[in-house]
Every structure is written in structure tokens, then in C-alpha cells.
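Working notes for the structure below.
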Amino acid sequence: MNIQSLKPILALAVVAVLLQACGSAESSTPIPAANSPIPVTVTAIQQQEIIQPVVVSGQFTTDDETTLSFKTGGVVSRVLVKEGDYVKKGQLLATLDLTEINAGVKQAELGLEKAERDFARAENLYKDSVATLEQYQNAQTALSIARQQLTAARFNQGSAEIRAAAGGYVLKKWVNDGQVVSSGAPVLRTNGAGKSSWVFKVGVSDKEWSGLELGDAATILTDAAPEKPLSAKVVRKSEGADPQTGVFTIELQVETKEGQSLASGLFGTATITPSRKARVWSIPHEALLDGNANKGFVFVTADNKTAKKVPVTIASLDNKWVYISSGLEGGGGLITRGSAYLTDNSTITIVK
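Just so we're aligned: 268 in my numbering is position 267 of the sequence shown, and the numbers increase by one with no gaps anywhere.
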């Protein structure tokens, strides 16, 4: 289960568990005398494998969404479309002011003309043994550089406009006429017109990422149509975490039915069922102390004489058990009754 997205719910559930556990413990365990061993009940720590669903929020998009930008920076001359507009393949969408770009092309053309004259002069002088081989080669290199500079300038001139790569719709418009944009800055986002597949993108933790596999089934609910769950499956896992958020991206391919309407950017909640089982420890509610969101404490004993306070991570819980994902690797016996009177390294006596 995605702890981040369910922290408020899990926190309330943990508080309820603690209140119930404390009441049960106080009513069934006598208050020990000062400086005497504290009577406790101990049970074996058991690990088991369970299917641990991952519940996480995300957004709908399509598998052919494209973010369009200018190859070179400059002043935006015109943006010819608005959000929601339908566009055809090859349609002109936006252009840059060509004043500076055209000047760059002209400068490159003049530079090439000069390089050609210099090379012709150096070539004749070299043939007459007036210029050295090095001077001839330098002029030849300068000519090659001037040609490449003109090629680059003309390419930038041709890249000063954005055209639709395919027919579709404009989803997002970031800039307006007259704005200055840098090279590669997003200008427009488009998608296909009905031929694409819907994708649901979510962010998960590293542990959840490692537990999911391609093909794992999922169910998606939206606020727009809560009575119409969507079936999906995992089709892509990112190979690295987002450097800004630290989460890993999972993409779910959505199976849409006739009559179901989706929109790019629509939010929803996915429940992903891993095909791989997770190994957790199941402990009774009364054994958990100081629960806060997905963190808590339990007392364990390795020698049946001393209690040790151990921090644990809560994976999930139900009406009977709290499932612990980490913290109990050291083993030992779990103290289930009498823990309300314990501190770290308290002396205990075990009662049946």
C-alpha cells in the first residue's frame, strides 16, 4: 500500500488501534509493584507472505503525447493555436521572430564567402611556393568550418517554427506571442486524435517499485465516474527516480470500454495488485505502541528477561493484525501484554 497517499487514513487507524490496545492491556494486566519484574505475555514473531496492494494516485495521459519546443531560442512571433484545438499533420503551430536568425544566416554566408577567397588565395600562393603547407591547410580548415557554420545557421532558420508531427489535439500551451523562450523550452503539448491508448502514470516509492512487475493488474477509480472502475495493467517501469521528487514512475495501460470518457490530466486512484507476494510480520494490535502514520514501536525480548523497544515500519493493517514490513529482523519473542508499563531494557517475567 502506498503509505504516502494514505497517511491520514493510516494514522487514524493506528490511533484507533492504540486506544483499543491500551484499554485492553490495562484491563487485563495488573499494575506491577515498583522495582519488580513486569509480568508480560510473549508470543513468537511470525513472518508470512501476503499480497500487498499498492494504492496510489496519478493522472491520465496518452501514449503518444508530445511536448513541442523550438530547437533554438528567441522571441516568439506567433502561436497559432489554443488549448483544445484540433491540428492536422504538418500544420504550422508557432514561429519565432526571424530577424536575429536571418542575420545569423547572412553572417554565416558572408563568412563562407571570405573563407572561399582566403582559400583560393592560399592555394595559389602554395602552388607558387610562396605560402607554406601549414598556411594552405589552415585556409582549407577555415573554409570547412565556414561551410558547417552556414549549414547550422540554415538549420536553425528552418527550426524556427513548430509544426504538428501528427493529427491530434493541443493539450497545453505554455507561451504567448512576444515571449522570449530558450532552446528546448516547452511551447505546446499535443496528442493523437483517437488512435492512441490511454495511460495512467503514477509515482511510487523504491520499495513499491521493486515489488511491481510488468503485467501486474490494476483497478483505477476516478472522481468523475466513481461507479465505473477501469481495468489496467503495468506496462512500463522507469529505470531511475525523478531527481526532484525521488519517486519512480509506473505506467498503467488502461482498458477503456465504449461509453467511458477520459481526458488528459484527469486524476484518479489506482489499486495495483502485485503478482509477487511481500514478506511481512503479522502482530496483534495490542503489541503496537506509539503509532504515527507508518511508524511505531514494539517490545521484544531475546532472553525472556529483558524487554527491548524496537522501531517498526507499518505496511498495512486490518481488523485483526498489523502488518510490519521492517524492524523485526532481529527475531526474539514479541511482547503482546504488559507493554504499556515497559521502558527500554525493563526487567520482565513471562506469564501464561
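Glycine included, every Cβ here is placed at the ideal spot set by N, Cα and C.
In the DSSP assignment, Lys173 forms a beta bridge with Arg190.
When only Cα atoms are considered, Val281 and Ala219 end up about 22 Å apart. Counting only residues of its own chain and dropping the five nearest sequence neighbours on each side, Leu81 has a CB closer than 7 Å to the CB of Leu93, Leu94 and Ala95.
Distance from the CA of Asp64 to the CA of Val200, rounded to the nearest whole angstrom, comes to 6 Å.
Within 10 angstroms of the beta-carbon of Arg338 lie 16 or more other beta-carbons, which makes it buried.
Rounded to the nearest whole angstrom, the C-alpha separation of Ser239 and Gln245 is 15 Å. Close CB contacts of Ile325 within its chain, under the 7 Å cut and outside five residues either way in sequence, are with Val281, Trp282, Ile284, Val313, Thr314, Ile315 and Ala316 (chain order). For Gly269, the enclosing beta strand (DSSP E) begins and ends at Phe268 to Thr274.
Straight through space, the alpha carbons of Gly333 and Pro187 are spaced by roughly 57 Å.
When C-beta atoms of the segment 168-180 are compared with those of the segment 130-148, fewer than three pairs fall below 8 Å, so the two segments do not count as touching. Taking a C-beta distance under 8 Å as the contact criterion, Lys202 and Thr67 do not qualify as a contact pair. Residue range Thr100 to Lys128 is occupied by the alpha helix (DSSP H) that includes Arg118. Residues of the same chain with a CB within less than 6 Å of the CB of Leu329, apart from the 5 flanking positions on each side, are Ile46 and Trp282 in chain order. DSSP places Glu228 outside any alpha helix (DSSP H), giving it a letter other than H or E.
Counting only runs of 4+ residues, no alpha helix (DSSP H) is found wholly inside the segment 277-315. Contact annotation: the segment 69-78 touches the segment 146-160, with at least three C-beta pairs closer than 8 Å. Between Val299 and Leu290, the alpha-carbon positions lie close to 6 Å from each other. In the three-state reduction of the DSSP assignment, Gly159 falls in the helix class, which pools H, G and I.
In this structure, the CA atom of Ser58 is about 17 Å from the CA atom of Glu228. Annotation: Ile351 to Ser276 spans about 41 Å, alpha carbon to alpha carbon. Look at the segment 29-72 and you find no whole run of alpha helix (DSSP H) that is 4 residues long or longer. For Gly75, the enclosing beta strand (DSSP E) covers residues Gly75 to Val80. Within the same chain, Gly74 come within 8 Å of Ser183 by CB-CB distance, once the 5 residues on both sides are set aside. Taking all protein chains in view, the Cβ of Val181 is surrounded by fewer than 16 other Cβ atoms within 10 Å, so the residue is classified as exposed.
Here DSSP, grouped into helix, strand and coil, assigns Lys238 to strand.
For Lys208, the enclosing alpha helix (DSSP H) begins and ends at Asp207 to Gly212.
The beta carbon of Asp345 sits closer than 6 Å to those of Lys310, all from its chain and outside the five residues before and after it, given in chain order. Here Ala109 has Gln150, Leu151 and Ala154 as same chain residues with Cβ atoms under 6 Å from its own Cβ, once five neighbours each way along the sequence are excluded.
In the displayed model, Ala219 falls within a strand according to three-state DSSP. Per DSSP, Glu252 is one residue of the beta strand (DSSP E) stretching across Phe249 to Glu256.
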